[in-house]
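Peer 1: Mind having a look at this structure? Questions to follow.
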Amino acid sequence: MTMKKTTLTSLSLMAVLLFSGCGSQPERRSVSIFDEGLRYCESTYPYDGGILIANFGSTQLDPLNSEGRGYVVFYRDGASEVLIPADGNLSGPRGMYLRDGHLFICDVNKIVAYDLENLEAVPQTIALPEGEAFVNDLAADGNNLYVSVTNTGHIFRLDISDPAQAGTPELWLEIPGPNGLVIRDGVMYAACYSPDGEARSEHIIYRIPDLQNPVAEPFVTLPGQYDGIAFSSDGQSLYVTNWAPAGVSRIDLQSRTVEPVGLSLEQPLVGPADMTVSEGTVYVPDLPNSRVVIFAE
1104 MTMKKTTLTS
1114 LSLMAVLLFS
1124 GCGSQPERRS
1134 VSIFDEGLRY
1144 CESTYPYDGG
1154 ILIANFGSTQ
1164 LDPLNSEGRG
1174 YVVFYRDGAS
1184 EVLIPADGNL
1194 SGPRGMYLRD
1204 GHLFICDVNK
1214 IVAYDLENLE
1224 AVPQTIALPE
1234 GEAFVNDLAA
1244 DGNNLYVSVT
1254 NTGHIFRLDI
1264 SDPAQAGTPE
1274 LWLEIPGPNG
1284 LVIRDGVMYA
1294 ACYSPDGEAR
1304 SEHIIYRIPD
1314 LQNPVAEPFV
1324 TLPGQYDGIA
1334 FSSDGQSLYV
1344 TNWAPAGVSR
1354 IDLQSRTVEP
1364 VGLSLEQPLV
1374 GPADMTVSEG
1384 TVYVPDLPNS
1394 RVVIFAE
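Every number in our numbering is 1103 more than the matching position in the sequence shown, counting from 1.
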């Protein structure tokens, strides 16, 4: 997810240049749009037959704001309600993870954890070290929760065996601009984003095959401004979102082939962020447009 509002123009230009060099375009899929009550929505997460949508709620699009207007919406079957209101604890909520009724939410330079069974209680705040200003996404394996920080290139690990009293984050691995994280069968995939908005050769998709002895291996070497990442329902592919060019792609885990997903949109995606795949449906928050784009796999 972008750190500079001024990069949008350059990213859009890059998208035009890249797509103009492409041949055949993918078949466009029909979509539905949900935008009611959303304000700069960056992240989605599966929950109770629907999804959670994290919103900045800020007066302007500023992922590092400190306004305390962040909130979380629960969306299911075309209806929505505010699950976590703007209570002053969230300013730029991003990646989420749920464990035993405790919802962990990345928020600027910390993680905020709510007890969903007792939303009146003061949420748990887990601070990251000074300088870790762009806490972005969460993924877990067993009792270990992994946290990406885009501006420093750090991935932290903390113990959540007791989610009501999470452990202290400890530096686990360093890769360029880690943004979205997913883990399955003990293997992590990390989507990377350049903090200054300029994609370079190192801003790619990485694979970490051994979480006990972490070494990042290039998995897809096509540079981009990668944000969200999610497994397909059949577990055979990864979906990724990219800001440059703005869009969604599907990556075959065996062949590593990258195929763009064509979407029938009157207003194109500008900033596709932390997506969710749930029960055969893909939910893509388009951050600057304050909407979630929904389509079938």
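Beta carbons are placed, not taken as given, at the ideal position from N, Cα and C, and that holds for glycine.
With distances taken between CB atoms, is the gap from residue 1141 to residue 1394 smaller than 8 Å?
Peer 2: Contact: yes.
Peer 1: Please state if the CB of residue 1196 and the CB of residue 1210 are separated by a distance shorter than 8 Å.
Peer 2: Yes, the pair counts as a contact, with Cβ atoms nearer than the cut-off.
Peer 1: Between residue 1398 and residue 1132, how many whole angstroms is the CB-CB distance? I'm expecting something under 8 Å.
Peer 2: The pair is a contact, with the Cβ atoms about 5 Å apart (cut-off 8 Å).
Peer 1: On the DSSP letters alone, give me the boundaries of the beta strand (DSSP E) that residue 1210 sits inside.
Peer 2: Unbroken beta strand (DSSP E) run through residue 1210: 1205-1210.
Peer 1: What separation, rounded to the nearest whole angstrom, lies between the Cα atoms of residue 1130 and residue 1368?
Peer 2: C-alpha separation (whole angstroms): 12 Å.
Peer 1: Can you tell me which of 1240, 1169, 1160 puts its alpha carbon nearest to the alpha carbon of residue 1185?
Peer 2: For residue 1185, the nearest C-alpha among the options comes from 1160.
Peer 1: Do residue 1249 and residue 1274 have their CB atoms nearer than 8 Å?
Peer 2: For residue 1249 and residue 1274, no; Cβs fall outside 8 Å.
Peer 1: Which value, in whole angstroms, describes the spacing of the CA atoms of residue 1362 and residue 1213?
Peer 2: Answer to the nearest angstrom: the Cα atoms are 35 Å apart.
Peer 1: In three-state terms, what does DSSP make of residue 1282?
Peer 2: Here residue 1282 sits in strand by DSSP.
Peer 1: Just to confirm before moving on: does the CB-CB distance between residue 1175 and residue 1201 stay below 8 Å?
Peer 2: No, these two residues do not count as a Cβ contact at 8 Å.
Peer 1: So, do the region 1343-1363 and the region 1315-1334 have three or more beta carbon pairs nearer to each other than 8 Å?
Peer 2: Yes: the two stretches touch, three or more of their Cβ pairs being nearer than 8 Å.
Peer 1: Can you name the residues that DSSP bridges to residue 1183?
Peer 2: DSSP output for residue 1183 lists 1178 as bridge partner(s).
Peer 1: Among the candidates 1354, 1311, 1302, whose CA atom is the shortest distance from the CA of residue 1348?
Peer 2: Residue 1302 is the option with its Cα nearest to residue 1348.
Peer 1: According to DSSP, is residue 1391 helix, strand or coil?
Peer 2: The answer is helix: DSSP assigns residue 1391 an H, G or I state.
Peer 1: Would you report the Cα separation of residue 1181 and residue 1316, rounded to the nearest angstrom?
Peer 2: Roughly 44 Å separates the two Cα atoms.
Peer 1: Considering residue 1357, what are the terminal residues of the beta strand (DSSP E) in which it resides?
Peer 2: Note, residue 1357: premise wrong, no beta strand (DSSP E); not H, not E.
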